[in-house]
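**Student:** Below is one structure. I have some questions about it.
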Amino acid sequence: MAKPRLVLEKKAPEPRVSRLISINTDLYNQLMDIRHETGLTITAVVNKFIAYGVKNVEIEDNKNDD
C-alpha cells in the first residue's frame, strides 16, 4: 500500500524593505516580551503593530498653532 503524499504549496515571496530604526529601551523590552510569549519573530510582531497603527491612525491639527 502506497503512503499518502505530502504536498507543500509554494509561497510567493513578499516584497520587503529593511530599514534601521531607533526605539526607546522600554518599548523594545515590551516587544521582546510579546515575542517570547507568542513565539512570533520580532519582525512579525513589529509588522503587526505597524499595520494596526497605520490602519487606525488619527491625525489631528496642532492645537498650539496661533
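Quick note: to get our numbering, add 11 to the position in the sequence shown (first position is 1). Every residue, glycine too, gets a C-beta built ideally from N, C-alpha and C.
On the premise that L38 lies in contact with V57, defined as a C-beta separation below 8 Å, what is that separation, rounded to the nearest angstrom?
**Tutor:** The pair is not a contact, with the Cβ atoms about 10 Å apart (cut-off 8 Å).
**Student:** Please report how far the alpha carbon of H47 lies from the alpha carbon of I53, in whole angstroms.
**Tutor:** 9 Å
**Student:** Under the three-state reduction of DSSP, which class applies to G64: helix, strand or coil?
**Tutor:** Note: G64 maps to helix in three-state DSSP.
**Student:** I need the boundaries of the alpha helix (DSSP H) containing L42, first residue and last residue.
**Tutor:** 36-49
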